[in-house]
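2 protein chains.
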Amino acid sequence: MFPAPASDSYGKPQVMKARVTVTLKTGILDPQGKAIEGALRSLGVEGVTSVRQGKVFDIEIDGGDPKKAEALLKEAADKLLANTVIENYRVEVVG
Amino acid sequence: MFPAPASDSYGKPQVMKARVTVTLKTGILDPQGKAIEGALRSLGVEGVTSVRQGKVFDIEIDGGDPKKAEALLKEAADKLLANTVIENYRVEVVG
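Residue numbers (numbering that gives the first Met the number 0), protein chains in the order written: chain A, 0 to 94; chain B, 0 to 94.
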C-alpha cells in the first residue's frame, strides 16, 4: 500500500469550498424577521406565519483535507462568524 | 379513488418549514466578505482564501402543499427577500 500523497494537485493549489450557516437560537427574538413577516403581508404574500433571518458564509479554503477544513471553519465560526451566546452555526464542506 | 383531503390535520393547522438562501451573483463585489477574510487572517485563522456573505430566511408557511409553498416562497423572494439584479436565491421546502 502506498501512503496518500500530501497533495494530488499538479502544480496548482487545491481549494475546498464550504458553507457556514449561522442562525439565531430558539427563543432569541428576531425583530428583523418580524419586520419581514409584516412586509410580506403588506405586499400581498399570504400564508407566511414566521420568518427568522440568518447568515451564510461561502468560504474557500486552501488544501484538500476535509477534516482540517472543518476544524478551521469551526475555529472561524467560534472566533468571528457566530455569536455563540445567541446563535447556532453549521459547517458543511461542499468539496 | 377518493379525492385528496384539503387538509389531513386533526383540528390543528398544518405548517411547512422552508429555507430561502440568498447569495450574491458571481462578479458582484462583496466588501463585507473581504473584511471578514481580513479579520480572520488577523485573528490567526490561516488558509481561508475567499469569503462571500449571504442571507438565509427560515420560513414557516400555512398549509401542507409543497408546490404551493414553493410558489409562495419564490414570490416572497422576488418581491422582497432578494434583489434579483445582484443576488441569486434558492428555495428549499424542508417539510
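Using N, Cα and C, we set each Cβ at its ideal position, and we do this for glycine too.
For T22(B), is the classification buried or exposed, using 16 other Cβ atoms within 10 angstroms of its Cβ as the cut-off for buried? buried
At a Cβ threshold of 8 Å, is K78(B) touching chain A? yes
I'd like to know whether the C-beta atoms of G32(B) and Q52(B) end up nearer to each other than 8 Å. yes
Interface residues of the segment 46 to 72 of chain A facing chain B [CB-CB below 9 Å]: G46, V47, T48, S49, V50, R51, Q52, G53, K54, V55, F56, D57, I58, E59, I60, D61, G62, K67, A68, L71, L72
For I60(B) and A70(B), the rounded distance between their alpha carbons: 11 Å
Opposite L23(B) in the DSSP bridges: which residues? E86(B)
Could you spell out the range, first to last residue, of the beta strand (DSSP E) harbouring G53(A)? 47 to 61
With V44(A) and A75(B) assumed to form a contact (beta carbons below 8 Å), what rounded beta-carbon distance in angstroms separates them? 5 Å
Going along chain B, which residues have a C-beta under 9 Å from E91(A)? In chain order: nothing, as chain B lies at least about 12 Å away.
Starting from the Cα of K67(B), find the closest Cα among E36(B), K54(B), V92(B) and give me that residue. V92(B)
In this structure, how does DSSP classify V14(A) when only helix, strand and coil are distinguished? strand
Say whether chain A places a C-beta atom closer than 8 Å to the C-beta of A81(B). no
Tell me, to the nearest whole angstrom, how far the beta carbon of K24(B) is from that of I85(B); I am working on the premise that it is less than 8 Å. 6 Å
Residues of its chain near L79(A), where Cβ-Cβ distance is below 8 Å and the 5 sequence neighbours each way are ignored: none
Just grab the DSSP bridge partners of V92(A) for me. A17(A)
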